[in-house]
Every structure is written in C-alpha cells, then in structure tokens.
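Below you'll find the structure, written out as structure tokens, and then a few comments.
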Amino acid sequence: MPVEDFIIYVYCCVEDAYREIVKTPLRRRGFPPKLTDSEVITMEIIGEFMGKDQDKSIWRYFHAHWHSWFPDLGSRSNFVKQSANLWHLKGLIQQHLVEKMNALEQAIHLVDGFPMPVCKITRAARSHCFQGEAGYSYCAAKDEKYYGFEGHVLISSEGVICGYTFAAANIDERDVLQDITKGLSGLLIGDKGYIRPSLTEDLANQGLDLQTPLRKNMNDSRPKVFVTQLMKIRRLVETVIGQLTQRLHIEKVWARDRWHLANRFIRKLLAHTVGVFLNKLLGNPLLHFEALVEI
Numbered sequence: 572m573p574v575e576d577f578i579i580y581v582y583c584c585v586e587d588a589y590r591e592i593v594k595t596p597l598r599r600r601g602f603p604p605k606l607t608d609s610e611v612i613t614m615e616i617i618g619e620f621m622g623k624d625q626d627k628s629i630w631r632y633f634h635a636h637w638h639s640w641f642p643d644l645g646s647r648s649n650f651v652k653q654s655a656n657l658w659h660l661k662g663l664i665q666q667h668l669v670e671k672m673n674a675l676e677q678a679i680h681l682v683d684g685f686p687m688p689v690c691k692i693t694r695a696a697r698s699h700c701f702q703g704e705a706g707y708s709y710c711a712a713k714d715e716k717y718y719g720f721e722g723h724v725l726i727s728s729e730g731v732i733c734g735y736t737f738a739a740a741n742i743d744e745r746d747v748l749q750d751i752t753k754g755l756s757g758l759l760i761g762d763k764g765y766i767r768p769s770l771t772e773d774l775a776n777q778g779l780d781l782q783t784p785l786r787k788n789m790n791d792s793r794p795k796v797f798v799t800q801l802m803k804i805r806r807l808v809e810t811v812i813g814q815l816t817q818r819l820h821i822e823k824v825w826a827r828d829r830w831h832l833a834n835r836f837i838r839k840l841l842a843h844t845v846g847v848f849l850n851k852l853l854g855n856p857l858l859h860f861e862a863l864v865e866i
C-alpha cells in the first residue's frame, strides 16, 4: 500500500491499543508533550519499516517528508527523550497485539537467540560501553567471538513474537528460557543449545514439552519423521530472526546505556508485531512485509 495509507493503518493500530491500555494519564506533573505518545510510537514504527533505525534518522525523515502530518513535531532532542520514556508502553502495546492474535494460546512455540555485539572483539578490552553488563560469547554462524549481548525471542507457529529478552552474551540461553515462557503450555521447539535434562523437566511441570535435535553422541529414540518435522517447523524462528536482523537491524547496538538499548530493542519487536498484525487484518501472509508498504 502507499506510505500514506500505511501511516494511517499503523496510527490507528497504535491508538486503539493505547486507548485500551492507558486508563489514567501517564504524566502527573508538568505539561504534556505536544506530540502525542501514539504519534511518537507511530513515527518510530514507520521509521523502522522505512529503514530508519536510529532516532536521529527517524526524526529527520518525518521532519523532511511528513511534517504536515505531524505538525507538533518539535526538536530532535525532545523526540528522542519522549521516545525513550515510552519503552515500557511499547512493550505493553506489543503484548496487547499478541493477545489480540491469540498467539499465546497456540499449541506450538519456537525459541532461538541471536548475537548483539557491542563492538569487535579486538576493541572490547578498550571499550567503556556496558561495562559490567555485556559479556563475551561465540557466534557459530559467523565463526567468531564477540563482546555484547544475546537477544532471545519466542514465537508462535505463525511467526508472532510472544516473548523476548536480551542478556549478557555469556549468560547461558537455557538460563533465560523460563523467563520468556511463563504461562505457556504445549510444544516448545528449540535447537541443541537448549538441551538440559533439568530444564526439560522444569518446563514439563509447567506444561511445556521441550523438543530439540540431539547431539551426535546421544541416542535418539524418536522417529526420524518426527525429528525431521520438528526441524522443518523450527526454520520459522530463523525466518523471524532474519527479518529482525536484516530488515530491522535489531542486532546493532547503537545505544550507550541499557535504558536506550531496551527502548531500541522493544521498538523493533513492536514494529515486527504491528507488521504481522496488519497482515493478519488485511488477509496477507503474516510475514510478508513487502505487501504492506511501497518503499
């Protein structure tokens, strides 16, 4: 659809969710900002889809091309500050849309992680960013060590992001899994990195059946057809992570503190979820973002 229509669709989606979530004013002191919270979040989501993944570039894009649509758009510093202060609300809107799509009730969910390097490993010792917060790890896909964080996402069998977090890269992905699977039941598919008997048992007590491929030195009594089907289904989470990294650049760490990093991280997950929600509304394949807007 044309960009004009896309902006309207996104704004209506955000504003409807905002009205259902926010029952009392978010600000108790001072004057409210001229630009509404729904307008700011709409601009951020549109910016992400247009490839403007930094606050500065989003502000410049709307100031140059859509100022008549957002006449109360003020200075860049005010926009950036208001955006960062809304990080929690963005998370609530994302979860609201997930619930509207009944993604948490689906029988199958998938989980995986991805690296979020702060800097090259050769610069890590000299870097002052995220000291005491980031960590060292190894990325098998790129066959290299890195310093930073690891993002973790849980998706439904349709590709809806149902749970997420990020943690220091040296924290075992198995140690954060239960944080993003609370309240879920059914089948959970992961890769070999999630193999841990005690974790499987804890999840089973919760009602989750964790299934992963086994290592070469482990005996697998499951039918080969079952394992093959599991791995076929698991490709979907790789597709979603591919969209998050290639289209939305979620793995890039431009922020210099955890607050702004969390805002950037959640904004991209919200943008992806809004895209899926609108595709569902319009009857498009849920992950076919190319059908949403003409860039």
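Quick note on the working numbering: the sequence shown kicks off at 572 and runs consecutively.
The beta-carbon is built from N, C-alpha and C at its ideal position, and this holds for glycine as well.
These figures come from a predicted structure and were not determined experimentally.
Asked: Between the alpha carbons of I851 and T693, how many angstroms are there, rounded?; Found: Sequence inspection shows Lys at residue 851; the Ile mentioned does not correspond to that position. Cα to Cα, K851 sits roughly 44 Å from T693.
Asked: For A739, tell me which candidate among G703, N855 and F848 has the shortest Cα-Cα distance.; Found: G703
Asked: Run through DSSP, which three-state label would K839 get?; Found: helix
Asked: Per DSSP, D780 is paired with what?; Found: L758
Asked: Look at the alpha carbon of V808 and the alpha carbon of G764, and state the distance between them as a whole number of angstroms.; Found: 15 Å
Asked: Where do the ends of the alpha helix (DSSP H) carrying V611 lie?; Found: D608 to F620
Asked: Nearest-angstrom Cα distance between Y580 and I766?; Found: 42 Å
Asked: Where does F737 fall in DSSP's three states?; Found: strand
Asked: Less than 8 Å separating the beta-carbons of F650 and V611?; Found: yes
Asked: What does DSSP give as the partner residue(s) for L725 in the beta ladder?; Found: V682 and G734
Asked: Could you tell me whether the stretch 841-848 touches the stretch 726-742, where touching means 3 or more Cβ pairs closer than 8 Å?; Found: yes
Asked: Are there three or more Cβ pairs, one per stretch, closer than 8 Å when the stretch 717-729 is compared with the stretch 680-690?; Found: yes
Asked: Note the first and the last residue of the continuous alpha helix (DSSP H) segment covering G662.; Found: W658 to K671
Asked: Our contact map puts E865 next to V574 with C-beta atoms below 8 Å; I'd like the distance itself, whole angstroms only.; Found: 7 Å
Asked: Taking buried to mean at least 16 other C-beta atoms within 10 Å of its own C-beta, is E670 buried or exposed?; Found: exposed
Asked: Determine the DSSP secondary structure at S698, reduced to helix, strand or coil.; Found: coil
Asked: Let me know the secondary structure DSSP gives M802 once reduced to three states.; Found: helix
Asked: Given a cut-off of 8 Å, decide if V682 and L770 are closer than it, judged by their beta-carbon atoms.; Found: no
Asked: Can you tell me whether DSSP reads V574 as helix, strand or coil?; Found: helix
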